[in-house]
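K.L.:
Residue numbers in the sequence shown follow the numbering used here, run continuously in steps of one, and reach 409 at the last position. Backbone N, C-alpha and C define an ideal beta-carbon position, used for all residues, glycine too. Fair warning: this is a prediction, and the values are worked out from it, not measured in the lab.
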Amino acid sequence: MYKNKGLVAEAFPEELLNRLKGQIAIGHVRFGDGTPPSLSNAQPLTFNYLRGSVALAHNGKLVNGPELRHRLAVNGSIFQSDSEAEIFVNLIARYGQNPLEEALLKCMIDIKGAYALVVMSEKQLIGIRDPNGIRPLCLGKLDDGYVLASESCALDTIGATLIRDVEPGEIVVIDEKGLRSFKTMVPSRRAVCIFEYIYLARPDSTIDGETVNIARREMGKQLAREARPEADLVVPVPDSGTPAAIGYAEATGLPFREGLMKNRYIGRTFIRPSQKIRDVAVRLKLNPIREIVEGKRVILVDDSLVRGTTSKKIIQMLRNTGVKEIHMLITSPPVLYPCYYGVDTSAREDLIAACYDLEGTRKYIGADSLHYLSLDGLLNSFKGSKDRFCTACFNADYIAGKPESHNER
Ligand code: SF4
Numbered sequence: 001m002y003k004n005k006g007l008v009a010e011a012f013p014e015e016l017l018n019r020l021k022g023q024i025a026i027g028h029v030r031f032g033d034g035t036p037p038s039l040s041n042a043q044p045l046t047f048n049y050l051r052g053s054v055a056l057a058h059n060g061k062l063v064n065g066p067e068l069r070h071r072l073a074v075n076g077s078i079f080q081s082d083s084e085a086e087i088f089v090n091l092i093a094r095y096g097q098n099p100l101e102e103a104l105l106k107c108m109i110d111i112k113g114a115y116a117l118v119v120m121s122e123k124q125l126i127g128i129r130d131p132n133g134i135r136p137l138c139l140g141k142l143d144d145g146y147v148l149a150s151e152s153c154a155l156d157t158i159g160a161t162l163i164r165d166v167e168p169g170e171i172v173v174i175d176e177k178g179l180r181s182f183k184t185m186v187p188s189r190r191a192v193c194i195f196e197y198i199y200l201a202r203p204d205s206t207i208d209g210e211t212v213n214i215a216r217r218e219m220g221k222q223l224a225r226e227a228r229p230e231a232d233l234v235v236p237v238p239d240s241g242t243p244a245a246i247g248y249a250e251a252t253g254l255p256f257r258e259g260l261m262k263n264r265y266i267g268r269t270f271i272r273p274s275q276k277i278r279d280v281a282v283r284l285k286l287n288p289i290r291e292i293v294e295g296k297r298v299i300l301v302d303d304s305l306v307r308g309t310t311s312k313k314i315i316q317m318l319r320n321t322g323v324k325e326i327h328m329l330i331t332s333p334p335v336l337y338p339c340y341y342g343v344d345t346s347a348r349e350d351l352i353a354a355c356y357d358l359e360g361t362r363k364y365i366g367a368d369s370l371h372y373l374s375l376d377g378l379l380n381s382f383k384g385s386k387d388r389f390c391t392a393c394f395n396a397d398y399i400a401g402k403p404e405s406h407n408e409r
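1) Taking 7 Å as the line, does the beta carbon of tyrosine 341 fall inside it for any heavy atom of the ligand SF4?
2) Can you tell me which of Glu170, Lys312, Ser311 and Cys390 puts its alpha carbon nearest to the alpha carbon of proline 338?
3) Using only CA atoms, which one of Gly169, Glu84, Tyr340 and Glu101 lies nearest to proline 36?
4) Using the Cβ count rule (16 or more neighbours within 10 Å means buried), how would you classify aspartate 239?
5) Please confirm whether any heavy atom of the ligand SF4 lies closer than 7 Å to the CB of cysteine 193.
6) Across the stretch 125–134 and the stretch 155–169, are there enough close Cβ pairs to call them in contact, namely three or more that are closer than 8 Å?
7) Alanine 231 and arginine 297 - do their beta-carbons sit closer together than 8 Å?
8) Below 7 Å, is the gap between the Cβ of lysine 330 and the nearest heavy atom of the ligand SF4?
9) Counting along the chain, where does the beta strand (DSSP E) carrying alanine 149 start and finish?
10) Can you tell me which of Gly366, Ala160, Leu72 and Tyr372 puts its alpha carbon nearest to the alpha carbon of leucine 329?
11) Grab the span of the alpha helix (DSSP H) containing valine 237 for me, first residue to last.
12) Beta carbon of alanine 114, beta carbon of glycine 342: below 8 Å?
13) From the DSSP output, read off the bridge partner residues of aspartate 175.
14) Let me check you understand the geometry: is the CB of alanine 154 closer than 7 Å to at least one non-hydrogen atom of the ligand SF4?
15) Please list the terminal residues of the continuous beta strand (DSSP E) segment that includes alanine 191.
16) Which residues in the same chain have their Cβ closer than 8 Å to the Cβ of phenylalanine 12, if we skip the five residues on either side of it in sequence?
17) Taking alanine 392 as the reference, which of Pro66, Ser381, Gly401 and Lys21 has the closest Cα?
18) Tell me whether isoleucine 134 counts as near the ligand SF4, meaning its Cβ is closer than 7 Å to at least one heavy atom of that ligand.
19) Quick check on cysteine 355: does DSSP put it in helix, strand or coil?
20) For methionine 261, which of Pro255, Leu254 and Gly241 has the nearest alpha-carbon?
21) Output the boundary residues of the beta strand (DSSP E) element that contains leucine 62.
22) Exposed or buried, leucine 137, counting other C-beta atoms within 10 Å across all chains shown (16 or more means buried)?
23) Taking the alpha-carbon positions, what's the serine 181 to glycine 76 distance?
24) Since valine 298 is in the alpha helix (DSSP H), which residue starts that stretch and which ends it?
25) Is the stretch 209–228 close to the stretch 347–363, with three or more CB pairs under 8 Å?
26) What's the gap between the Cα of serine 304 and the Cα of lysine 312?
27) Excluding the 5 residues preceding and the 5 following aspartate 397 in the sequence, name in chain order all residues of the same chain whose CB lies nearer than 7 Å to its CB.
28) With 16 other CB atoms within 10 Å as the buried threshold, where does isoleucine 326 fall?
Here it is in structure tokens:
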């Protein structure tokens, strides 16, 4: 096992990776989830129990994590980190008289919330997706082996072929006998996080049969049906706003122009911890191209408006560059409620749409007009059933429940 802080390329020098020998491996890139950024909270976690060594990595958030941790502690479990992954570790140990996959099945009955897990023993690689499939997990093939990943673009990168997504509530076990699948007894209704398509996933990923790039273009086309301010240009906030801006431009016939240049060496701003760091990060990350936007009426397309602070900075930068009018178009509905399933979209009091009405938000960000894509418009951007997404941050429909000890944040 090896853990380090920083971007993956910095944290994992090649000579170090070359030293990690074996025929099964798992890895994890940590997303700011509110727990302290210490190495003890970094995953995978490794442990020894009745049946040998196991390593485990988890993406998501449990709604009954604190209660389970307390119950386990009362019964003698010891915790060494704040990571929720340790709850899985202790439950697996508690069910240690069963084979690993059966122990994991029992864990799934105890655990509520959103999770995609990869678990590795000395002989098995196991993948699990929560009963609603809120967090994505896909399965690929590489030569004679199998690969599990949160996003299918990771498979492309290493030359693996996407086989399919792990189904909600499914456990896939890969060992020397090949691939086996178990469905849990937990009732499942598919509800993949719609924010994966709006912002989180890379556009070249495919989740549950929908290519993110195509879904984002459709969101732009839907928005063109709902909002048509008079303008000269369509400009995206790169990168997640780009496919939707292309879709909007295609639907309206307005020219698409890249009026904001992105510095590709700076990370995502919305997951950065403090407001001060976020403010500086916006300026480091984006720079307007004066020749494209000066004197123009611009339709500015972004994927979402969470705190509103990033949009405010971008609009101010564009104004300073001499843009005549800025019409802000958002390819998602107003984010009104917090996410309890592993996306750090802020406490309710920090969500701009929960604090201000449309006009108040427009004034706050400094745009000439502001339009959000409706929830129906968003759902109509997808093929097939519209009832297979988590949309709780827009409508409070928390399919996997809310934290049991939850107080309105
Ligand atoms: S509440 Fe929003 S961000 Fe969280 S899982 Fe649901 S759709 Fe995704």
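P.N.:
Looking at the atomic coordinates:
1) yes
2) Cys390
3) Glu84
4) exposed
5) yes
6) yes
7) yes
8) Per the sequence shown, residue 330 should be read as isoleucine rather than lysine. The answer is no for isoleucine 330.
9) 145–149
10) Tyr372
11) Unbroken run through valine 237: none, as it is neither H nor E.
12) yes
13) Gly178
14) no
15) No beta strand (DSSP E) contains alanine 191, which DSSP labels as neither H nor E.
16) Tyr2 and Asn4
17) Gly401
18) yes
19) helix
20) Gly241
21) 52–62
22) buried
23) 33 Å
24) No alpha helix (DSSP H) contains valine 298, which is instead part of the beta strand (DSSP E) from 297–302.
25) no
26) 13 Å
27) Thr391
28) buried
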